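One structure is given here, and the rest of the page talks about it.
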Amino acid sequence: VNLIDADVAVITSVDLDHQALLGADRECIGHEKAGIMRAGRPVVLAEADPPASVLRHAYAIGAFAIRAGCDYRIERGAEHWHWLELNETLALPYPAMLAPAQLDNAAAAIAALRALELPVPIEAIVQGVAGMQLPGRLQRTVIAVKDGEAEVVLDVGHNPQAAAQIAQWLQRAPRRRTLAVFAALADKDIAGIVAPLKGEVAHWWLAGLRDHSERGLDAAVLATRVTSELTPGAVTQVNDVAQALRLACSALRHSERLLVFGSFFTVAAAMRALHHADLISAISQR
Numbered sequence: 118v119n120l121i122d123a124d125v126a127v128i129t130s131v132d133l134d135h136q137a138l139l140g141a142d143r144e145c146i147g148h149e150k151a152g153i154m155r156a157g158r159p160v161v162l163a164e165a166d167p168p169a170s171v172l173r174h175a176y177a178i179g180a181f182a183i184r185a186g187c188d189y190r191i192e193r194g195a196e197h198w199h200w201l202e203l204n205e206t207l208a209l210p211y212p213a214m215l216a217p218a219q220l221d222n223a224a225a226a227i228a229a230l231r232a233l234e235l236p237v238p239i240e241a242i243v244q245g246v247a248g249m250q251l252p253g254r255l256q257r258t259v260i261a262v263k264d265g266e267a268e269v270v271l272d273v274g275h276n277p278q279a280a281a282q283i284a285q286w287l288q289r290a291p292r293r294r295t296l297a298v299f300a301a302l303a304d305k306d307i308a309g310i311v312a313p314l315k316g317e318v319a320h321w322w323l324a325g326l327r328d329h330s331e332r333g334l335d336a337a338v339l340a341t342r343v344t345s346e347l348t349p350g351a352v353t354q355v356n357d358v359a360q361a362l363r364l365a366c367s368a369l370r371h372s373e374r375l376l377v378f379g380s381f382f383t384v385a386a387a388m389r390a391l392h393h394a395d396l397i398s399a400i401s402q403r
């Protein structure tokens, strides 16, 4: 993305991921992400407290930084939220996307529109915020189970920050028994991903990903990486995501929830399995 000569750049958040490429800490990663900025052009910083390296780079090249909490801010209400800057206030519906961070992302998108000075009417902004969707981010579907219907939630989150967002959503969502299918790549912070969710999930199906990526962990190795966070009785090891999904769906009861997460590969495999006629039929007959 550094190759794109953008009219406006947006940096949503900086956290630990892809350290082998981006660096070992937020300052190093922030410096790499700051490469999308361009001299004399606006950059929206959606994080209230971005790494100092991001701010230094903006100053060094003369990019015009638009900061959350400084140049624009959010006020939350019961039914609506407000986007505010010095000379403008917008009353907006909450984003259709469910993770708490999506409100910050929506606010940053509006700041980017305002920086571009495009003639986008408020009606279009309202429609965009209320209807925005991104497959694989707390994507919800309902499946038939033996005694009724249950919910499957798919999320590609693969770092501790994303897992914390999922946990926050679960804590705010209607309380119900939640099961999980989890599969991940070898270079991820496995314990850090599991930690925010261990109190939210009743049972875990740990699935192998070796058939989908050479970086994928098999279930046995994955299990050794979560021993510090999960008790053995709360874990079942399964060869692959499709098999784990089938077993987990078999354990679901009416109004319960299944979370499938850990990688783009995990969610892609689950989507294929969910749309496979045999699996849907097998679930519906239980």
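Read left to right, the sequence shown gives residues 118 to 403 (the numbering used here). Here a beta-carbon is modelled for each residue, glycine too, at the ideal position from N, C-alpha and C. Model, not experiment: these values are computed from the prediction.
Can you tell me which of the options puts its alpha carbon nearest to the alpha carbon of residue i?
i	options	result
residue 215	324, 120, 288	288
residue 130	349, 175, 279, 258	279
residue 203	180, 220, 301, 228	228
residue 305	283, 343, 205	343
residue 339	379, 365, 360	379
residue 247	268, 213, 352, 230	213
residue 207	359, 239, 147, 169	239
residue 199	243, 234, 263, 177	243
residue 268	371, 161, 120	371
residue 317	346, 185, 357	346
residue 312	303, 251, 281	281
residue 144	164, 162, 169	169
residue 175	392, 234, 147	147
Can you give me the Cβ contacts of residue i inside the same chain, cut-off strictly under 8 Å, excluding the 5 residues immediately before and after it?
i	result
residue 398	Reliability of the predicted coordinates at residue 398 is poor, the pLDDT of 42 falling under 50, and the value obtained from them is presented with this limitation in mind. Within the same chain, residue 398 has no close Cβ partners at all.
residue 368	296, 320
residue 158	123, 124, 125, 126, 180, 181
residue 237	230
residue 315	346, 347
residue 167	128, 131, 147, 184
residue 394	Residue placement at residue 394 is poorly supported in this model, since its pLDDT is 45, which falls under 50; the coordinates still yield a value, given next. Excluding sequence neighbours, residue 394 sits near nothing in its chain.
Start and end of the beta strand (DSSP E) containing residue i?
i	result
residue 159	159-162
residue 297	295-299
residue 272	265-272
residue 209	205-210
residue 127	126-128
Any heavy atom of the ligand MN closer than 7 Å to the CB of residue i?
i	result
residue 127	This structure lacks the ligand MN; in fact it carries no ligand of any kind.
In chain order, what residues of the same chain lie with their CB nearer than 7 Å to the CB of residue i, ignoring the 5 residues before and after it?
i	result
residue 122	155
residue 201	189, 190, 192
residue 354	323, 336, 337, 340
residue 403	With a pLDDT of only 34 at residue 403, under 50, the local geometry of the prediction cannot be trusted, and the value read off the model is given with reservation. Cβ neighbours of residue 403 beyond the five flanking positions: 262, 263, 367.
residue 293	372, 373, 374
For residue i, which residues does DSSP report across the bridge?
i	result
residue 354	323
residue 192	199
residue 375	269, 296
residue 257	270
residue 302	333
residue 262	265
residue 184	162
May I ask which residues mark the beginning and end of the alpha helix (DSSP H) holding residue i?
i	result
residue 244	239-248
residue 173	169-178
residue 337	336-342
residue 283	277-289
residue 221	218-233
residue 387	381-391
residue 309	307-311
residue 143	143-150
With a CB to CB cut of under 6 Å and the five nearest residues on each side skipped, what residues in its chain are close to residue i?
i	result
residue 381	273
residue 362	298, 387, 390
residue 401	Residue confidence is low: residue 401 scores 42 on pLDDT, short of 50, so the model does not pin down where it sits. Its coordinate-derived value is still stated next. Excluding sequence neighbours, residue 401 sits near 261.
Quick one: any contact between the segment 221-236 and the segment 250-260, if contact means 3 or more CB pairs under 8 Å?
No, because fewer than three Cβ pairs between the segment 221-236 and the segment 250-260 fall closer than 8 Å, the two stretches do not touch.
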